[in-house]
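Residue numbers for the sequence shown follow my numbering, so the first one is 3 and each next one is one higher.
We put the CB at the ideal spot given by N, CA and C, even for glycine.
A short worksheet on the structure shown next.
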Amino acid sequence: MPALTGHLEYYKQHGINPVRYDAADPRLHLERRASLYRTLGVTPLAVRGARVLEVAPGTGQNSLYLAAQRPASLTLVEPNPAGLRDIAAVYASSPNAVRPEVVACRLEEFEAAEPFDLVVCENWLGDSDHERGLLRKLGGLVAEGGLLVVTAVSPVGVLPNLLRRALCSRLVSPDDSFAERTAVLSRAFGPHLRTVGGMTRNVTDWVHDNMLNPAYLGVILTVPMVLDDLGGRFDALGTSPRFAADWRWFKSLCGAARDFNRHLLNQYHSELHNFLDHRTVLPARDPGRNRQLEAAALAVAAMLRRCEAGEADWDELETAVRRVLISIGDLPATCSAAIDEFLDAFATPDLAPEAVAELPHFGALFGRETLYLSFEKR
């Protein structure tokens, strides 16, 4: 598998920090973050008076919620110069928030004198051996009984955006300037993004971070991978979205039955199909069929990575996508219609961004891509 340029190198190359949110109404922004942490089982009192670490906070906007809960200390580890400027600006305009200690270094270089009660790292670590090692390092920074919040990416949920990424090969050339590629892809995908309710990211940042970022193809850190890396020391606490129902009697959750991670994994495999389209919630599906769907989505991701590196022909990607169609034959017809529409567009000579913008079925297909996971350290 070809090596990928990392997020930090790409951000520095272009002087960008494409992780900004629309926080024009600070109250709504804080409510969104409060809702996330509530879903994860992290209440305000779990933060108040705690030692808190956030790694790769980007703009610092999300850390404002943590600061508002009055932790004993808040440490932000961010190596991107553009991110450091954004963090300084965010806290300069929030004079009543707890002032964080901002450490300008990479996680690889960060050392702490003592562990933290809460460690947060979202939308950064991927599936490379190096980054999975960093995930384990994050776990080592959590105190016993402390909490860890990280993100995983569903291969099924990210599939619609992988297909958009494939369309980029038909819309722009690597020889075009960064600004030219940004403009064309914004015209193509801006109308798609406007179909998503609650979207807080602007089109330019989304294009920069998803369609043009080389590291995007390495973000597929799956739930099973996270459990493999952390499960020996941590118990799953919550997820967002909440896909894992648990009807077991609490009195039975003892001894060998007190395996929260295995239960989460079983629920994950029963609900994988629900990550494909954010507009639908379907009954549980046979885990075997969902494993086939996940494998087909992972094959598309791997083939896309090879195609972008010049190691495979784009026709091979089309073949991989058709295997996905086979694995979703029992799902609502809207999913198959969207992927058929993608295949037609992908085969169109001289594809125009306006044609992509107007795709009625594929344009509205977005998956539940990012999954938040909270863990309690044993």
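- Residue burial annotation: proline 73 is buried, with at least 16 other C-beta atoms found within 10 angstroms of its C-beta.
- At the C-beta level, leucine 373 and valine 21 stay beyond 9 Å of one another.
- Assignment of beta strand (DSSP E) within the region 106–135, counting only whole runs of 3 or more residues, yields 118–123 in chain order.
- Secondary structure of tyrosine 39 (DSSP, three-state): helix.
- In the DSSP assignment, glycine 240 is bridged to Ser376.
- Straight across, the Cα-Cα distance linking aspartate 248 with glycine 240 is about 11 Å.
- Across the structure, glycine 43 and serine 376 are spaced so that their CA atoms are roughly 8 Å apart.
- Per the Cβ contact rule, the region 45–52 is in contact with the region 106–120 (3 or more Cβ pairs under 8 Å).
- Excluding its 5 nearest sequence neighbours in each direction, arginine 183 has C-beta neighbours in its own chain below 7 Å: Val174, Leu214, listed in chain order.
- Glycine 148 sits in a strand when the DSSP states are folded into three classes.
- 9 Å or more divides the Cβ of valine 358 from the Cβ of isoleucine 341.
- Between glutamate 371 and phenylalanine 245, the CB-CB gap reaches or exceeds 9 Å.
- Bridge pairing for alanine 154: Leu373 [DSSP].
- Boundaries around serine 75 are those of the beta strand (DSSP E), 75–79, since no alpha helix (DSSP H) includes it.
- By the criterion of at least three beta-carbon pairs nearer than 8 Å, the region 22–33 is in contact with the region 187–206.
- Spanning the alpha carbons of glutamate 110 and leucine 78 requires a straight line of approximately 14 Å.
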